[in-house]
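Each residue of the sequence shown is one higher than the one before, starting from 1 at the first, in the UniProt record's numbering. Here a beta-carbon is modelled for each residue, glycine too, at the ideal position from N, C-alpha and C. This report concerns only the one structure given below.
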Amino acid sequence: MTLLSVNNISKTYQKGKKKAVSNVSFEVNHGDIVAFLGPNGAGKTTTLKMILNLVSPDEGKILFDEQDVTNSNLPLLKNTGVLLEGSKNMFWALSPMENFVYWGGQRGLNRKEAEKKGLDLLKQFNLTDKKDTSITKLSRGMQQIVGICCAMIANPKLLILDEPTLGLDLTAVKIMIDSLEMLSSNGVGILVTTHQLDFAQKVANKILLINHGQLVFSDSVKDSLDRLNKQAVFEISLSRSLNDEEVGMAIAYCEIVNKSDLTYRLSVKDQKDISKVLKMLSELPIVKIQTVTRGLDEIFKHYAEVNDD
Ligand SMILES: Nc1ncnc2c1ncn2[C@@H]1O[C@H](COP(=O)(O)OP(=O)(O)OP(=O)(O)O)[C@@H](O)[C@H]1O
1 MTLLSVNNIS
11 KTYQKGKKKA
21 VSNVSFEVNH
31 GDIVAFLGPN
41 GAGKTTTLKM
51 ILNLVSPDEG
61 KILFDEQDVT
71 NSNLPLLKNT
81 GVLLEGSKNM
91 FWALSPMENF
101 VYWGGQRGLN
111 RKEAEKKGLD
121 LLKQFNLTDK
131 KDTSITKLSR
141 GMQQIVGICC
151 AMIANPKLLI
161 LDEPTLGLDL
171 TAVKIMIDSL
181 EMLSSNGVGI
191 LVTTHQLDFA
201 QKVANKILLI
211 NHGQLVFSDS
221 VKDSLDRLNK
231 QAVFEISLSR
241 SLNDEEVGMA
251 IAYCEIVNKS
261 DLTYRLSVKD
271 QKDISKVLKM
281 LSELPIVKIQ
291 TVTRGLDEIF
301 KHYAEVNDD
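Quick look at the structure:
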């Protein structure tokens, strides 16, 4: 069921200048983890700010639980946990627990409830011993974790996280993935921006890719990876370079990329030619061969970098 529906939103910061976000539409359903990807300056934060009404869209409509929240976002804010860039959703002079009590209170939790939930969250991230330390005295990664805990404090229906993995070590990222998966299995919708494609691939069920303010790709992670990996790709290392005749044969059936001196990547153009490709490979002076499983980075490269040409 649709939790958040973003319909054709656009934003230009200064009159006459290029649009920061142009006609972006997407949905976040209950239980979705949607990874919002794009190069620096693509328009991710602006889109999140429009959803939160921190920046008003020039055009378009935002629905939360089927209610129009484009210009009056109280229903959305009441039910949404937010982590903005740089953990701005906290009082830095206060401790994690004091922040939990404040932010929990804003979302209807009493002190006891907020303290209990806050302690549970800190425990998950192995940060209980910092519960009374002022945020300014925590490391960058710890601050980020406390910011994420503040966003999760009052059992939100929707969680909006802007680059939550920034500054986190691998253990903290793993704990966060587990926490997000648990929230998602409880029906929470999650919209998360990230530059870490391996994180996105692990945690998200949908991806959105924005470039130059426009949504250039939107699909389920599983379907897009299945489609991508239908095409067999081999990486071969040879004891000598391919000669012209061998290159001619290879390009008849494969897209070929020279990765380094003696290493080539061959992507089979048509799966029905696979036996011909295997025969051709068997006749080459191969030192090493491996099949390549492609990930979100290939999709990102295609839509984010190719479009920059
Ligand atoms: N307050 C602002 N005033 C004017 N222009 C802005 C403002 N905020 C963002 N922009 C411009 O809007 C465009 C989109 O920026 P935005 O911060 O939304 O990108 P982003 O995808 O979040 O980037 P990053 O990954 O670097 O955080 C950029 O060209 C940026 O320079």
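* **Beta-carbon proximity of serine 190 to leucine 161, cut-off 8 Å** => Locating residue 190 in the sequence shown gives position 190, counting from the first residue. Locating residue 161 in the sequence shown gives position 161, counting from the first residue. In the sequence under discussion, the amino acid at residue 190 is isoleucine, which differs from the serine named in the question. Against a cut-off of 8 Å, the Cβ pair of leucine 161 and isoleucine 190 comes out as a contact.
* Asked: Would the beta-carbon of alanine 172 be found less than 7 Å away from any heavy atom of ligand 1?
  -> Translated into the one-based positions of the sequence shown, residue 172 becomes position 172. No, Cβ of alanine 172 sits at least 7 Å from all heavy atoms of ligand 1.
* Asked: Alpha carbon to alpha carbon, how far is residue 320 from alanine 20?
  -> It is not possible to answer for residue 320, since the shown part of the chain is limited to 1 through 309.
* How close, in whole Å, do the beta carbons of alanine 42 and asparagine 155 come, if the pair is a contact with beta carbons under 8 Å? -> One-based indexing of the sequence shown puts residue 42 at position 42. One-based indexing of the sequence shown puts residue 155 at position 155. The Cβ separation is near 31 Å, so there is no contact.
* Validate contact between the stretch 141 to 152 and the stretch 99 to 109 using beta carbons, cut 8 Å, 3 pairs -> Because the criterion of three Cβ pairs below 8 Å is met, the stretch 141 to 152 and the stretch 99 to 109 touch.
* Limits of the unbroken alpha helix (DSSP H) element including isoleucine 153 -> Taking the sequence shown and counting its residues from 1, the one referred to as residue 153 is at position 153. That residue, isoleucine 153, is in no alpha helix (DSSP H); it is neither H nor E in DSSP.
* Hey, out of Asp58, Asp32, Met142 and Val192, whose CA is closest to residue 310's CA? -> What is shown of the chain runs 1 to 309, which leaves residue 310 out entirely.
* State the CB to CB distance for the pair valine 268 and alanine 232, rounded to an integer number of angstroms; the pair is presumed to be in contact (CB under 8 Å). => Working through the sequence shown from its first residue, we reach residue 268 at position 268. Working through the sequence shown from its first residue, we reach residue 232 at position 232. For valine 268 against alanine 232, the beta-carbon gap comes to about 4 Å, under 8 Å, which counts as contact.
* To do: Out of Met90, Asn205, Ser218 and Ile286, point me to the one whose CA is closest to threonine 263's CA.
  => Mapped onto the sequence shown, residue 263 falls at position 263. Answer by Cα proximity: Ile286.
* Asked: CA-CA distance, isoleucine 177 and leucine 183?
  -> Your numbering for residue 177 matches position 177 in the sequence shown. Your numbering for residue 183 matches position 183 in the sequence shown. CA-to-CA, the gap between isoleucine 177 and leucine 183 works out to about 10 Å.
* Give a yes or no on whether the C-beta atoms belonging to valine 221 and glutamine 201 are separated by under 8 Å. => As a first step, residue 221 is located in the sequence shown; it is residue number 221 there, counting from the start. As a first step, residue 201 is located in the sequence shown; it is residue number 201 there, counting from the start. Note that the C-beta distance between valine 221 and glutamine 201 is below 8 Å.
* If you check the beta carbons only, do leucine 37 and leucine 158 fall under 8 Å apart? -> As a position in the sequence shown, residue 37 is number 37, starting the count at 1. As a position in the sequence shown, residue 158 is number 158, starting the count at 1. Going by C-beta atoms, leucine 37 is not nearer than 8 Å to leucine 158.
* Own chain residues within Cβ distance below 6 Å of glycine 31, not counting five before or after -> Along the sequence shown, read from residue 1 onward, the residue named residue 31 stands at position 31. Answer for glycine 31: Ser184 and Gly187, listed in chain order.
* Determine the DSSP secondary structure at phenylalanine 199, reduced to helix, strand or coil. => The residue given as residue 199 occupies position 199 in the sequence shown. Looking at phenylalanine 199 - three-state DSSP - the assignment turns out to be helix.
* Asked: With 8 Å set as the bound, which would you pick, yes or no: does the beta-carbon of valine 216 sit closer than that to a beta-carbon of chain C?
  -> You won't find chain C in this structure, because it holds only one protein chain.
* Asked: Taking the alpha-carbon positions, what's the proline 75 to valine 82 distance?
  -> Residue mapping note: residue 75 aligns to position 75 of the sequence shown, counting from 1. Residue mapping note: residue 82 aligns to position 82 of the sequence shown, counting from 1. Proline 75 and valine 82 have their alpha carbons spaced roughly 14 Å apart.
* Asked: Across which residues does DSSP place asparagine 211 in a beta bridge pair?
  -> Position 211 of the sequence shown, counted from the start, is the residue given in the question as residue 211. DSSP, once it has assigned bridges, lists Gln214 as partnering asparagine 211.
* Just to confirm, does tyrosine 253 get its C-beta within under 7 Å of one of the non-hydrogen atoms of ligand 2? -> Annotation note on ligand 2: not contained in the displayed structure, which lists ligand 1 as its ligands.
* At a cut of 8 Å, does the stretch 230 to 245 reach the stretch 46 to 65 through at least three beta carbon pairs? -> Counting Cβ pairs under 8 Å, fewer than three are found: no touch.
* Determine the extent of the alpha helix (DSSP H) in which glutamate 98 is found, giving its start and end residues. => Position 98 of the sequence shown holds residue 98. That run of the alpha helix (DSSP H) goes 96 to 106.
* Asked: Got a sec? Which residues, its chain only, sit under 7 Å from glutamate 255 by beta carbon, not counting five neighbours each side?
  -> Locating residue 255 in the sequence shown gives position 255, counting from the first residue. The beta carbon of glutamate 255 is closer than 7 Å to those of Ser267 and Lys269 in its chain, skipping five residues each way along the sequence.
* Would the beta-carbon of threonine 165 be found less than 7 Å away from any heavy atom of ligand 1? -> As a position in the sequence shown, residue 165 is number 165, starting the count at 1. Threonine 165 Cβ: outside cutoff for every heavy atom of ligand 1.
* Go to asparagine 23, then tell me how far its beta strand (DSSP E) extends in each direction, as first and last residue. => As a first step, residue 23 is located in the sequence shown; it is residue number 23 there, counting from the start. Judged by DSSP secondary structure, asparagine 23 falls within the beta strand (DSSP E) whose first and last residues are 21 to 29.
* Considering only residues of the same chain and omitting the five flanking positions on each side of aspartate 132, which have a CB-CB separation below 7 Å? -> Indexing the sequence shown from 1 puts residue 132 at position 132. Cβ within range, chain order: Ser95 and Met97.
* Please go through the same chain and pick out, in chain order, the residues whose beta-carbon is closer than 6 Å to the beta-carbon of glutamine 290, but skip the five residues on each side of it. => Residue numbering aside, residue 290 sits at position 290 when the sequence shown is read from its first letter. Counting only Cβ-Cβ distances below 6 Å, and skipping sequence neighbours, we find Glu235.
* Inspect the beta-carbon positions of glycine 60 and asparagine 8 and report whether they are closer than 8 Å. => Reading the sequence shown from its first residue, position 60 is the one you call residue 60. Reading the sequence shown from its first residue, position 8 is the one you call residue 8. Closer than 8 Å, so yes.
* According to DSSP, is glycine 189 helix, strand or coil? -> Residue 189 sits at position 189 when you count from the first residue of the sequence shown. Glycine 189: strand per DSSP, three-state reduction.
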